[in-house]
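Contents: one structure, followed by commentary.
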Amino acid sequence: MSTNKQATVHIALGTWDRLREDAYSVRHEVFVVEQKVPPEIELDDDDAVSVHAVAYGPDGTPIGTGRLLPDGHIGRMAVHKRARGMGVGGQLLDALIEQGHGDGHRMLVLHAQTHAAGFYKAHGFTVEGEEFVEAGIPHVVMTRVLK
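Be aware that the sequence shown starts at 214, since it is given in the working numbering, and climbs by one per residue.
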């Protein structure tokens, strides 16, 4: 019997105007509260021009989010602590990869927190270059070529 639970989630894709409240509630909890990222750098001008993905749990509450910028960068991937290890992040990432493919991107790029690099490798991303610090947290650049 497998102990790896797959959460039943609904992924919504849309604009910041439509998904702002739900996306930000997850980002605030994960980045600002949990990881101590200053709130003034967590929100930025890229939100308005990105495609956002929000994962909703069976009870309809937002449990994860991410965004795809017009240049093919995936960012602001976050999953509530209570929903980690249930496949939510993978479902969000798959939705953003599919969106990037549909938008005609040839390559997707992201800045992965170093501890999460294995997760992104499992989804076809490869590390490019050396580790760096962003918002006080070690990161690596990762890319995935789309075919």
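Note that CB positions come from ideal geometry on N, CA and C, so glycine has one too.
- Taking H265 as reference, the option from A291, H352 and A335 with the minimal CA-CA separation is A291.
- When the beta-carbon positions are compared, I254 and L305 stay at least 8 angstroms from each other.
- Looking at the backbone, the Cα of G302 and that of G277 are separated by about 7 angstroms.
- Going by beta carbons, V222 and G270 fall inside the 8 angstroms limit.
- For R319, the secondary structure class from DSSP, reduced to helix, strand or coil, is coil.
- Per the C-alpha coordinates, the member of H324, E242 and A329 positioned closest to T356 is H324.
- The beta carbon of G227 sits closer than 7 angstroms to the beta carbons of H265 from its chain, once the five residues preceding and following it are set aside; these are given in chain order.
- For R231, the number of other beta carbons within 10 angstroms of its own is below 16, and it is reported as exposed.
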